[in-house]
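Numbering (the UniProt record's numbering), first residue to last: 1 to 144. Idealized CB from N, CA, C, for every residue including glycine. Since we're looking at a predicted model, the values are computed, not measured. The structure under discussion appears below in the form of structure tokens.
Structural data, given as structure tokens:
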């Protein structure tokens, strides 16, 4: 795990689901996942966006890197995970629960991604960086 991710995770826990720095004001979820080959447990901090009732969306952008992040590969392989969701209301609070994982595709993925770009334009920059290399996945995490 990178030092930056560990700092975000530590701050998330210390400040009851709220983080500062580059993620100031963002909704953060800690994705607890298991390595599909290693069996090792990992935690990845990721920005989340509202989905349908009982669900959130996360974007496997890897900041526009040419390959998918490992947490994405692990979540898709497992089909489930445990998450710690920062409530995103500015007051704080963490909800921990199990989720099922579904990758959005086609028109649904494109519609949700466009909505995410309207909320957080930097995701548009990431899509430009990956154009012709990979389509940035969007996952729907539904409370189970």
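The beta carbons of residue 99 and residue 141 sit closer together than 8 angstroms. Counting along the chain, residue 142 sits inside the beta strand (DSSP E) bounded by residues 138 to 143. Secondary structure at residue 41: strand, using DSSP grouped into helix, strand and coil.
Under the DSSP definition of a beta bridge, residue 84 partners with 30, 96.
Residue 56: member of the beta strand (DSSP E) spanning 55 to 59, first to last residue. For residue 62, the secondary structure class from DSSP, reduced to helix, strand or coil, is helix.
In the DSSP assignment, the residues bridged to residue 103 are 139.
When rounded, the separation of the alpha-carbon atoms in residue 44 and residue 35 is 12 angstroms. Look at residue 77 here: in three-state DSSP terms it is helix. The beta-carbon separation of residue 27 and residue 86, rounded to 6 angstroms, stays under the 8 angstroms limit for a contact.
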